[in-house]
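Under the UniProt record's numbering, think of the first position of the sequence shown as 1, with each following residue one higher. Presented below is the structure to which this report refers.
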Amino acid sequence: MKTPPTCSPHSTVLAHLATHPWGLRAPTLALLAALILALVQREDVRLTKLAAHLPGKALHSSKVKQLHRFFKHIRLPEDVLARFVLSFADPLERLWLVIDRTNWRLGNIEINILLVAVIVHGQALPLMWTLLPHGGSSSSAVRNTLMERVLQVLPAKRIAGLLGDREFIGKKWFRFLNKAKVAPCIRLKGNTKVGGMPVWALFKGIPARGVYWWYRPLMVYGVPLRVCAVRDAHGHVLYVATLEHGRHALEAYSKRWSIECLFKHWKGSGFDLEATHLSHPDRLSTLLALVTLTSVWAWRVGETEHERAPGSVLAHGRLALSVVRYGLNTLKLALVNLLWTPSEPRSISQFLACAGKLSPT
């Protein structure tokens, strides 16, 4: 009697991961594949929760210890991870980067992550990060070092610009970006001096919903940049320093919102990152790498699923379900179907199609 075909989710994911030079031993790479599947199913980064979804006959307590050893000793090469993320972008496209910070408290410990993400098809994807040893904002030196690492995998000629909020200003920082040939598109504080006077004074007559820009470049933190402003219906004014012109600058800056969505997926609306008990920078960085791999996979699946069957759109024009959430739901359904009907051709083809999104082609 012919044996019906089956599909192993673990071996399928492992095969896709193995195409990248992670530098991990086979058993370690196999555990990484199992962790990705566990995180999809559980959406919870706590090791006790992930251990319950790992295969094998070992006791749950033994699996938890195995995970503690994994996060203590294993580091995924950041350049390999970054190239994995970039492999899903058009190689001829100039990409927008966005820099931001997210933080939370774990007891008396401040977890503070400085992140540079790349925007691909409107989605901010984690590229590289630094775990800050303190609360509060980052220094120019720390930001410069992080961007130097980014430029090792993404040359300046492929960068359309760097988006950032008012926190990411300063003469040393702007001069570094100028020297590195990375165009800033960064929000300014109202009292920032541009051309020798506060930026608010340049645009004090701007009406509600008005968009103004200065006709020539002005010196902003020692760098010649164009400055534009927009006043919303509530009277708040947004000032942006950039190389772009007027409305193009504000349109570009609006992409910065995508990193807020990324942090939302990392936290309460996704993988519940704030629930982790890992606080050591190296171990937390490995966890962030795991979350990055899983979220990029979910985004890829969600993007394809949204093209096939577009999700509903709310009154303000945004999707009721984010692309990442759409992808996570699709992945979980594919895994459940494969669990209950492992020999069903439709279940097999559904999961194989999802797993294929771990590769760019």
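Where a beta carbon is used, it is the ideal one built from N, C-alpha and C, also for glycine.
{"Item": "Just how far apart, CA to CA, sit R283 and R75?", "Value": "8 Å"}
{"Item": "Please specify which runs of the beta strand (DSSP E), each continuous and at least 3 residues long, are wholly inside the region 203-229, giving them in chain order.", "Value": "211-213, 218-220"}
{"Item": "Mind checking whether residue 366 and W299 have CB atoms under 7 Å apart?", "Value": "Shown here, the chain extends from 1 to 361; a query on residue 366 therefore has no answer."}
{"Item": "Should W200 and G210 be called a contact, given that it needs their Cβ atoms to be closer than 7 Å?", "Value": "no"}
{"Item": "If you follow the beta strand (DSSP E) that R105 is part of, which residue opens it and which one closes it?", "Value": "95-106"}
{"Item": "May I have the straight-line CA-CA distance separating N112 from S137, to the nearest angstrom?", "Value": "9 Å"}
{"Item": "Taking the Cβ atom as the reference point for each residue, do A183 and G161 lie within a distance shorter than 7 Å?", "Value": "yes"}
{"Item": "Between F174, A180, S139, which lies nearest to V150 when the distance is taken from Cα to Cα?", "Value": "A180"}
{"Item": "In the DSSP output, what is A26 paired with across the bridge?", "Value": "In the DSSP output, where bridge partners are listed per residue, A26 has none listed."}
{"Item": "For P360, tell me which candidate among K63, K57, R25, P91 has the shortest Cα-Cα distance.", "Value": "P91"}
{"Item": "If we ignore side chains and look at the alpha-carbon of each, how far apart do L288 and P9 end up?", "Value": "22 Å"}
{"Item": "Indicate whether the contact test is met: 3 or more Cβ pairs, each with one atom in the region 151-160 and one in the region 85-100, closer than 8 Å.", "Value": "yes"}
{"Item": "Assuming G190 is part of the alpha helix (DSSP H), what are its boundary residues?", "Value": "From DSSP, G190 is part of no alpha helix (DSSP H); its letter is neither H nor E."}
{"Item": "What residue range does the beta strand (DSSP E) around A275 cover?", "Value": "Careful: A275 lies outside any beta strand (DSSP E) and carries neither H nor E."}
{"Item": "Look at L106 and W129 and say whether their C-beta atoms are less than 7 Å apart.", "Value": "no"}
{"Item": "Can you list, in chain order, the residues of its chain with a C-beta nearer than 7 Å to that of A38? Leave out the 5 residues immediately preceding and following it.", "Value": "L50, H53, L54"}
{"Item": "How many angstroms separate the CA atom of S139 from the CA atom of S87?", "Value": "30 Å"}
{"Item": "Indicate whether the contact test is met: 3 or more Cβ pairs, each with one atom in the region 19-35 and one in the region 66-82, closer than 8 Å.", "Value": "yes"}
{"Item": "Report the residue from T242, P126, V240 whose alpha carbon sits nearest the alpha carbon of C261.", "Value": "P126"}
{"Item": "Are the CB atoms of F174 and Y221 within a distance shorter than 7 Å?", "Value": "yes"}
{"Item": "So what's L125 in DSSP terms, helix, strand or just coil?", "Value": "strand"}
{"Item": "Measuring alpha carbon to alpha carbon, tell me which of K264, I169, K204 ends up nearest T192.", "Value": "I169"}
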